[in-house]
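Here's the structure, in structure tokens; my notes come after.
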Amino acid sequence: MRSAVERETIILYNQSEGEASVYSFDPKMIRKLEKLASKYPDEIRLEKEHGDGVYTYTVPKECVLIREPYSKERREAVPAWTLEGKAGAVILRGEERCSGTKQEI
Numbered sequence: 138m139r140s141a142v143e144r145e146t147i148i149l150y151n152q153s154e155g156e157a158s159v160y161s162f163d164p165k166m167i168r169k170l171e172k173l174a175s176k177y178p179d180e181i182r183l184e185k186e187h188g189d190g191v192y193t194y195t196v197p198k199e200c201v202l203i204r205e206p207y208s209k210e211r212r213e214a215v216p217a218w219t220l221e222g223k224a225g226a227v228i229l230r231g232e233e234r235c236s237g238t239k240q241e242i
């Protein structure tokens, strides 16, 4: 069994190609990727199941978003469950094929 430190998510992309590779051990991230892959099979694909709960998916690069953390005021105005896991981390956007909508899965 892997330690918590070893259970990581790695997102790789370069400036030349239009896709990013997402290697993940995170069950929540994997569920998001599975959902997106079933909805957009031509664009989001399972590339490899490594075993031990690790998967690699390919996603369009525009699906990867890094944003600033929520402000204290916004955190206080929104119920805590809606912000869970969203403190400025990488987010894979899913609606409208990641075309810039503000909706997140």
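Per the numbering used here, the sequence shown starts with residue 138, numbered consecutively.
Where a beta carbon is used, it is the ideal one built from N, C-alpha and C, also for glycine.
Model, not experiment: these values are computed from the prediction.
Coarse secondary structure for residue i, derived from DSSP in three states
i	result
Arg-182	strand
Ser-161	strand
Glu-154	coil
Residue i, enclosing beta strand (DSSP E) - first and last residue
i	result
Ala-141	Unbroken run through Ala-141: none, as it is neither H nor E.
Tyr-194	191 to 197
Val-215	No beta strand (DSSP E) contains Val-215, which DSSP labels as neither H nor E.
Beta carbon of residue i nearer than 8 Å to that of residue j
i	j	result
Thr-146	Ser-161	yes
Lys-198	Glu-156	yes
Arg-139	Asp-189	yes
Ile-148	Val-201	yes
Beta-carbon contacts of residue i that lie in its chain and below 8 Å, excluding the five residues immediately before and after
i	result
Leu-170	Val-159, Ser-161, Ile-181, Leu-183, Tyr-192, Tyr-194, Val-196 and Leu-229
Val-174	Here residue 174 is Ala; the residue named in the question, Val, does not match the sequence. Excluding sequence neighbours, Ala-174 sits near Ile-181, Arg-182, Leu-183 and Tyr-194.
Which residues DSSP lists as bridging residue i, in chain order
i	result
Leu-149	Ser-158
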